[in-house]
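Keeping their order, the protein sequence lines are chains A and B. Letter by letter, the first sequence follows residues 1 to 869 in the numbering used here. Letter by letter, the second sequence follows residues 1 to 69 in the numbering used here. Just so you know, even glycine gets a beta-carbon here, dropped at the ideal spot from N, CA and C.
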Amino acid sequence: MIDRGDLLAALDRAAARKVTIISAPAGSGKTTLIRAWAGRPGQPHQLALVPVQRGQQDAQLFWLALLDAVRQASGAASGAGPAAATPDFNARAMVDRVLSELAGARGDLTLVIDDLHELTSLAALAQLTRLLTNLPPGLHAILSTRHDLRLRLQQLRLAGELAEIRGPDLRFSERETRELLNASGIALSEAGTARLHQRTEGWAAGLRLAAISLANHPDPERFVAEFSGSDRTVAEYLLAEMLDRQRGDVQRLLLRTCLLDRVNGELADLLTGRPGSERILLDLEDANAFVVSLDPERTWFRYHHLFADLLRLELRRRMPREVPELHRRAASWFIQRGQVVDAIRHTQAAGDWPGAARLLADHSFSLTLDGQTQTIQALVRAFPPGADHPELALVRAMGDLGHGHLNEAAAHLAAAQTYAETAAQDHQRRLRVAIASLKLSLARRRGHLAGVVEQVKFLDSPLTAQSDEDIALGSDLRAVALLNLGTVEAWSLALPDAERHLEEGAVLAREIGRPYLEVGCLAQLGFASKVRPFATVRRRCLEAIALADGHGWGAEPVIAPALIALAGALVWTGEFDEAERWLQRTEQALQTDTGPDIRLLMHLGNGILHAGRGHHQQALEEFSAAEYLRSQLEGSHALASEVTGWLLATQARLGMTGEARAFLAVLDDERAGSGEIRNAWAVICLAEGDPAGALRAAQDVLDEMVPVIGYVTVVEAQLLAALAHRELGDHRAASQAAERALALAEPDRLVLPFAMTGSRELLLGLPRHQTGHAALLTDILDTVRGSSVAARDRSPAPPAQELSPGELRVLRYLPTNLSRVEIASELCLSRNTVSTHIRSIYAKLGVCDRSSAVRRARGLRLLAAGRTP
Amino acid sequence: MDPGPALYTIRIDGHLGATMLLAFPALAAQRHGAHTLLTGLLDRSALYGVLAEIEALGLNLLEVRRHNA
């Protein structure tokens with residue numbers, strides 16, 4: 001096009017400020033200006049170009065496009081593909097991500113957002129304001145829009161960091177008009193040029209349309225005269241002229257494809273019913289006729305928005321009856337390519353509302369997994385109000401769940417259920433799975449876990465699918481259903497079933513290429529591993545977290561169950577500092593509201609961490625919060641007795657025995673009769689100076705008279721019994737009970753029960769040389785003395801050679817103060833063998849004394865729980 | 001809080017031809033000198049829809065007048 005030097009200079013000056021807004025009406029030439037500015041040879045700025053899609057209501061899609069553009073521009077060759085959309089979208093976290101990418105950009109970067117008025121999501125605009133006001137130094141933004149936006153940029157304005165270029169600035173001057181005509185090879189008199197300029201008022205779109213018509217026109221002067229003399233609006237007149245001057249096939253193409261947001265040769269051929277469309281599109285772009293290619297290979301194109309809008313009106317005027325058919329053809333083409341959203345939009349535009357409803361309902365799960373939640377809701381809103389489409393009840397239920405409108409969700413689910421009963425056979429199966437899946441989701445959000453698993457028993461048997469499409473849709477559905485089912489089962493403590501379903505879900509998710517679901521299943525599996533050895537819990541959680549991190553989902557709510565389960569496991573084995581880091585990470589991942597169950601786990605995790613460190617007041621706050629959440633959940637809850645038990649015990653330890661007893665008195669029978677509550681009773685008795693009562697309560701647990709959640713309760717009971725014996729003066733019984741506790745704790749190397757029950761004195765009183773658990777004992781005493789287990793060596797290099805099993809067995813005794821002879825006796829080895837092992841250990845660890853060996857081994861996690869030889 | 005539909009007259013610069021008028025099906029058009037008057041009963045959503053259409057088609061909006069019942 002022509003060189004509008006003054007305008008480019010103006011944009012240069014503006015772009016020196018932090019934010020430039022180009023606000024001008026349709027067809028003013030904003031995009032052309034930006035492209036000319038960006039395409040200048042020797043242009044120094046790195047640009048991240050973000051064109052906003054027409055009618056973009058989906059904030060997530062906008063932000064992902066922006067993130068991708070920034071990554072490409074800043075050359076972040078992370079190797080990973082474009083960031084994937086996820087079902088839970090956290091706008092705040094997304095903007096943080098963008099800001100950190102921008103901060104890491106090498107050199108200056110300019111973010112260019114075109115057609116920002118098309119972004120109709122208010123939330124996105126608010127977050128954009130935050131982004132713009134927090135741009136790192138050296139970074140700029142240029143925004144183009146048709147009308148002024150609700151961006152609160154006063155801060156920038158006051159600081160002089162906001163520049164504007166407005167409509168009048170973009171108008172062609174008469175001189176520029178002459179240059180445009182000259183550049184297009186159009187011979188027009190000065191008077192004619194002046195008239196053209198005056199009639200169009202320097203409007204870029206008008207001038208360009210005129211130029212197309214004037215090029216090769218036999219009588220340019222007459223054209224301008226007639227144009228000036230007409231009262232028609234500029235756009236309508238010039239478009240009609242331009243269209244009429246095109247060859248028949250070009251006209252046909254323009255009219256019949258203008259209703260697409262984007263077009264390629266094949267689709268255009270389908271709509272025109274003629275071959276050769278690609279050539280026409282390429283020619284149009286070359287002639288600068290409002291057609292723009294979208295990819296470097298020039299296979300996809302779109303029309304200038306104004307141009308397309310005018311053409312659409314012209315199409316409706318000339319061939320109104322053809323329009324629905326064109327939309328239908330486009331819809332079926334898109335469906336074949338799996339571009340469901342486009343297909344639905346065109347089906348709606350064709351007026352086929354039942355067809356659109358069916359498509360939307362069928363694909364709602366898959367689209368949600370693709371992260372298109374907001375797009376789905378926009379499509380639902382497009383249905384005419386009052387029309388009855390029972391299939392949509394399912395989609396509406398999903399939207400309600402997403403927004404936390406649980407009662408509405410239940411109502412819509414009930415309607416969907418009614419509809420499902422009347423649906424066709426093959427359809428019915430899919431619908432039932434979908435409804436079951438949502439029911440499980442709803443039950444979890446509400447905490448109404450009782451009975452829901454029974455309702456969905458049929459999920460156990462896999463689908464027998466028919467068509468390819470059926471398989472694809474069915475697999476997505478099944479994977480989601482397995483995730484939801486496994487989660488609910490885990491929370492109801494049906495753990496074997498939970499593990500089975502979650503493992504199946506993870507495998508299926510991997511097969512069908514749904515990493516988000518795979519992460520979800522593995523994360524819940526980590527949580528469901530409660531009764532497994534802690535080593536298994538850690539392994540599973542770390543697997544899930546690594547997978548999530550690989551996809552950039554390390555801070556998303558989906559991975560929270562694994563983060564929390566891992567943190568919990570670390571607290572149990574006394575690794576408090578590391579546990580705290582994981583708890584903080586979970587806190588960050590739970591920015592969006594994910595329901596009371598996870599929040600309960602957070603409070604519980606924080607609670608046991610504080611309790612383990614002896615911070616009883618803070619522990620009490622956390623346990624109280626957990627108890628409150630538990631009381632909000634209907635039906636019995638897996639962790640109920642644990643939560644309540646620890647709350648009561650902490651109250652007792654803080655001397656609030658009165659409150660504790662009062663709470664005990666009003667407990668329901670189920671909880672009151674549990675082992676965890678018995679232990680709490682024992683703690684209260686000890687606090688009240690009644691060791692005999694404490695002993696009786698603990699004994700109930702030890703005699704297996706009451707149910708327990710897990711063996712950790714038994715460990716606790718042993719310790720409480722030991723403390724009671726000690727109070728009663730029976731030191732031998734106390735030592736025996738403590739020894740039994742150590743034995744139980746040994747396999748998982750539990751530390752927490754010892755810390756929580758304040759058993760330090762008790763353990764110190766144990767005759768050292770008579771314990772079979774010297775290593776564990778040392779670990780525990782280290783922890784309760786304040787140094788966290790397995791404090792990380794800052795830069796541990798792995799050992800030159802792996803330690804043999806025999807060496808590892810000896811290594812465990814190094815932290816104790818047993819002599820080599822004593823170690824030999826413990827392990828039933830000769831003294832010489834032990835010495836040989838120790839020499840080898842020193843050599844492999846690169847140390848020369850016992851305490852260095854212990855430090856190195858801890859840093860390498862050879863002495864931590866989880867690496868049992 | 002929508003007070004209900006009211007009678008609006010919207011004045012646009014230039015004459016709108018048959019094609020352009022298709023964008024305003026709820027309104028009746030009348031030439032008035034060099035301008036076009038579009039008149040019709042519009043509630044608030046419909047009014048802003050019309051204004052958005054005017055913006056999208058690059059038309060020159062001269063006046064929006066509401067007639068009291």
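Asked: What are the boundary residues of the alpha helix (DSSP H) that residue 874 of chain A is part of?; Found: Look at the range of chain A in this structure, 1 to 869, and you will see that residue 874 of chain A is not part of it.
Asked: Which runs of the beta strand (DSSP E) spanning at least 3 residues fall entirely within the segment 180 to 230 of chain A, listed in chain order?; Found: none
Asked: With distance defined between alpha-carbon atoms, name the residue in A:291, A:250, A:107 and A:75 nearest to residue 275 of chain A.; Found: A:250
Asked: Whose CA, out of A:24, A:34 and A:680, lies closest to the CA of residue 661 of chain A?; Found: A:680
Asked: Fully enclosed by the segment 29 to 109 of chain A, which alpha helix (DSSP H) runs are 4 residues long or longer?; Found: 30 to 39, 59 to 73 and 91 to 103
Asked: Helix, strand or coil for residue 293 of chain A? Go by DSSP, reduced to three states.; Found: strand
Asked: By alpha-carbon positions, which one of A:523, A:534 and A:652 ends up nearest to residue 545 of chain A?; Found: A:523
Asked: Use the C-beta contact count for residue 529 of chain A: other C-beta atoms within 10 angstroms, 16 or more gives buried, fewer gives exposed.; Found: buried
Asked: Using three-state DSSP, classify residue 793 of chain A as helix, strand or coil.; Found: Reliability fails at residue 793 of chain A, whose pLDDT of 38 lies under 50, so the model's placement of it is uncertain and the value that follows must be treated cautiously. Of the three classes helix, strand and coil, the one that applies to residue 793 of chain A here is coil, per DSSP.
Asked: Take the Cβ of residue 584 of chain A as the centre, count every other Cβ of all protein chains shown within 10 Å, and call the residue buried at 16 or more, exposed below.; Found: exposed
Asked: To which residues does DSSP link residue 739 of chain A through a beta bridge?; Found: For residue 739 of chain A, which the question treats as bridged, DSSP gives no partner whatsoever.
Asked: Counting only beta-carbon separations shorter than 8 angstroms, does residue 16 of chain B have a partner in chain A?; Found: yes
Asked: When you compare only the Cα positions, how much space is there between residue 58 of chain B and residue 219 of chain A?; Found: 28 angstroms
Asked: Any chance the segment 306 to 324 of chain A sits against the segment 251 to 263 of chain A, with 3 or more Cβ pairs inside 8 angstroms?; Found: yes
Asked: Could you pull out every unbroken alpha helix (DSSP H) segment of at least 4 residues lying fully inside the segment 500 to 586 of chain A, listed in chain order?; Found: 515 to 528, 534 to 550 and 560 to 572
Asked: So is residue 63 of chain B in contact with chain A if we call contact Cβ pairs under 8 angstroms?; Found: no
Asked: Assign residue 171 of chain A to one of two classes, buried (16 or more other C-beta atoms within 10 Å of its C-beta) or exposed (fewer than that).; Found: buried
Asked: What I want to know is whether the C-beta of residue 431 of chain A ends up closer than 7 angstroms to one or more non-hydrogen atoms of the ligand ATP.; Found: Of ligands this structure carries none, so the ligand ATP is not represented either.
Asked: For residue 399 of chain A versus residue 85 of chain A, is the C-beta spacing smaller than 8 angstroms?; Found: no
Asked: Could you name the residues that DSSP lists as bridge partners for residue 232 of chain A?; Found: B:15
Asked: Return the residues of the segment 36 to 62 of chain B that lie within a Cβ-Cβ distance of less than 7 angstroms from chain A, sorted by chain order.; Found: 55, 56, 57, 58 and 59
Asked: Residue 231 of chain A CB to nearest chain B CB: under 8 angstroms?; Found: yes
Asked: Go ahead and label residue 851 of chain A buried or exposed: buried means 16 or more other beta carbons lie within 10 angstroms of its beta carbon, across all protein chains shown.; Found: exposed
Asked: Taking the C-alpha atoms as reference points, what is the distance between residue 447 of chain A and residue 643 of chain A?; Found: 16 angstroms
Asked: Which two residues bound the contiguous beta strand (DSSP E) that contains residue 30 of chain B?; Found: 28 to 32
Asked: Over the uninterrupted beta strand (DSSP E) stretch that includes residue 19 of chain A, give me the two end residues.; Found: 19 to 23
Asked: Taking all protein chains shown into account, do 16 or more other C-beta atoms lie within 10 angstroms of the C-beta of residue 458 of chain A, making it buried, or fewer, making it exposed?; Found: exposed
Asked: Residues in the segment 7 to 31 of chain A with C-beta within 8 angstroms of chain B's C-beta atoms, listed in sequence order?; Found: 25, 26 and 27
Asked: What separation, rounded to the nearest whole angstrom, lies between the Cα atoms of residue 25 of chain B and residue 321 of chain A?; Found: 17 angstroms
Asked: Could you give the residue range of the alpha helix (DSSP H) that holds residue 145 of chain A?; Found: Unbroken run through residue 145 of chain A is the beta strand (DSSP E), 139 to 145; no alpha helix (DSSP H).
Asked: Given this structure, state the Cα-to-Cα distance separating residue 588 of chain A from residue 444 of chain A, to the nearest angstrom.; Found: 22 angstroms
Asked: Starting from residue 63 of chain B, trace the alpha helix (DSSP H) both ways and give me its first and last residue.; Found: No alpha helix (DSSP H) holds residue 63 of chain B; the beta strand (DSSP E) holding it covers 61 to 67.
Asked: Evaluate residue 866 of chain A with the Cβ neighbour count: other Cβ atoms within 10 Å of its Cβ, from every protein chain shown; 16 or more gives buried, anything less gives exposed.; Found: Residue placement at residue 866 of chain A is flagged as unreliable, the pLDDT there being 37, under the threshold of 50; the coordinate-derived value follows with that caveat. So residue 866 of chain A counts as buried.
Asked: Throw me the rounded Cβ distance for the residue 141 of chain A and residue 28 of chain A pair, which I believe falls under 8 angstroms.; Found: At roughly 20 angstroms, the Cβ-Cβ gap does not stay under 8 angstroms, so residue 141 of chain A and residue 28 of chain A are not in contact.
Asked: Is residue 868 of chain A helix, strand or coil by DSSP?; Found: Reliability of the predicted coordinates at residue 868 of chain A is poor, the pLDDT of 38 falling under 50, and the value obtained from them is presented with this limitation in mind. Looking at residue 868 of chain A - three-state DSSP - the assignment turns out to be coil, as it is neither helix nor strand.
Asked: Residue 235 of chain A touches chain B at which residues, Cβ-Cβ below 7 angstroms?; Found: 57 and 58
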